[in-house]
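Residue numbers (my numbering): 159 to 555. Take a look at the structure set out below.
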């Protein structure tokens, strides 16, 4: 440091710019490095005579590079962040704020009116634990049907209590007594805070299904999925089989004779796949985000799973989805602002029989007029269709 300071002072004297003011201002002025010469024998010597501002205008190419490069850099950065943190966008267990810290005691009493709500814990794997609730009407003593609810990508089971209350308080005299099991998968509510993945969430819901089959060994089970939960329910049933031969091509298959109890599948505002949702959210071709669809980690490709089920070759082992697709109920909100209604209709078409003229094997699909993504349960048609569907399942048991 002493040698460097002494060298700077000698350079100032040779350049006839002597004075402490100039020396004090030296760090604030842009530096230009000289090549070695007779007057500046040391590489890196500084000449203050060259430190003044340049009068040359920036080139047109430089200006264009800045104008075009900055937006491209910002787009590239955002695209990179979307890819890296995509699971934070798909699985929003943190939304709304405080969703992971809510307790059953915090629920407003009007949302529990006429209900019996039991908080449960379901083991998932060797160390995992899933938090959930079992809800029934106070007037129901012995349930005739059990419904497993697959929630969407945000919130917790407590946020669905108004939905359950509406379903359980149906004024229909033929309403079947039922229990609703709603369990939060990993990273949601009080469940284990493991990182959510496609395989992990399927594993969680297999344990939820095992819990329901153990608790209700003699009544039919109906799977009910909303939005992302609908895609999860389809992908889950495509991996389950009640046959002795669990092999199903390259798709992993889990065999259990108790899966014969699964008799119904309700899909409310389901989407076909996450990549399809990416392109639906960014339809403009000039927006780069729509081209990130192939980079999705967890695709939740319900459409492909449903298509495989409807195109099952004779003699191939039957999965639960193969059996349920013909008797499923698909509800689509007419004015869904999140999931395009066409996706639910595409799933219904994929679930239909290979012969389009044979409507006897087509699933039941219903468009809920005027309904949005989250308020379908407030429509009269929603209540009528689900109540009728549950009653039909109960009668055929």
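For glycine and all other residues, C-beta sits at the position ideal for the given N, C-alpha and C.
- Taking C-beta separations shorter than 6 Å and ignoring five residues to either side along the sequence, the partners of residue 496 in its chain run 531, following chain order.
- In this structure, DSSP gives residue 294 an extended state, which the three-state scheme calls strand.
- For residue 454, the secondary structure class from DSSP, reduced to helix, strand or coil, is coil.
- Cβ neighbours of residue 384 within its own chain (closer than 6 Å, five residues either side excluded): 310 and 426.
- Relative to residue 421, the option among 252, 260, 264 and 548 whose CA is nearest is 548.
- By the C-beta density criterion, residue 353 is exposed, having fewer than 16 other C-beta atoms within 10 angstroms.
- Within its own chain, the residues whose Cβ lies closer than 6 Å to the Cβ of residue 366, once the five positions on either side in sequence are excluded, are 280 and 341, listed in chain order.
- Within the region 234–288, the complete beta strand (DSSP E) segments at least 3 residues long are 273–282, listed from N- to C-terminus.
- Note on the region 386–436: whole beta strand (DSSP E) runs with a minimum of 3 residues are 420–426, in chain order.
- Counting the other Cβ atoms within 10 Å of the Cβ of residue 242 gives fewer than 16, which makes it exposed.
- With contacts defined by Cβ atoms closer than 8 Å, residue 377 and residue 478 do not form a contacting pair.
- Counting only unbroken stretches of 4 or more residues, the alpha helix (DSSP H) elements lying wholly within the region 350–392 are 356–373, in sequence order.
- For residue 361, the closest alpha carbon among the candidates 295, 285 and 305 is that of 285.
- Nearest Cα to residue 350 within the set 282, 225, 295 and 446: 282.
- About 6 Å separates the beta carbons of residue 337 and residue 292, which is inside the 8 Å limit, making them a contact pair.
- In this model, residue 508 and residue 462 are separated by some 8 Å (Cα to Cα).
- Under the DSSP assignment, residue 337 falls in the beta strand (DSSP E) whose first and last residues are 336–341.
- Beta-bridge annotation (DSSP): residue 497 is not paired with any residue.
- In this structure residue 492 is exposed. Its beta-carbon is surrounded by fewer than 16 other beta-carbon atoms within 10 angstroms.
- The three-state reading of DSSP puts residue 523 in strand, counting E and B together.
- By the CB criterion at 8 Å, residue 262 and residue 277 fall inside the cutoff.
- When the five nearest sequence neighbours on each side are left out, the beta carbons in the same chain lying within less than 8 Å of the beta carbon of residue 436 are those of 447, 448, 450, 451 and 454, in order along the chain.
- Here the alpha carbons of residue 372 and residue 494 stand approximately 36 Å from one another.
- The continuous stretches of beta strand (DSSP E) do not include residue 445, and DSSP gives it neither H nor E.
- Just so you know, the alpha carbons of residue 526 and residue 534 end up roughly 7 Å apart.
- Only exposed fits residue 239, as fewer than 16 other CB atoms lie within 10 angstroms of its CB.
- For residue 530, no alpha helix (DSSP H) encloses it, and the DSSP letter there is neither H nor E.
- In the DSSP assignment, residue 304 falls within the unbroken beta strand (DSSP E) covering 303–308.
- In terms of Cβ geometry, residue 326 and residue 294 form a close pair [threshold 8 Å].
- It is roughly 15 Å from the alpha-carbon of residue 416 to the alpha-carbon of residue 482.
- According to the DSSP assignment, residue 487 belongs to the beta strand (DSSP E) that extends over 487–491.
- In this structure, the straight-line span from the alpha carbon of residue 431 to that of residue 536 is close to 26 Å.
- Listed in chain order, the non-local C-beta contacts of residue 355 below 8 Å within the same chain comprise 245, 455 and 456, local neighbours out to five positions each way being set aside.
- In the three-state scheme derived from DSSP, where H, G and I count as helix and E and B as strand, residue 312 is classed as strand.
- If you ignore the 5 residues before and after residue 333, its C-beta comes within less than 7 Å of the C-beta of 545, all in its own chain and listed in chain order.
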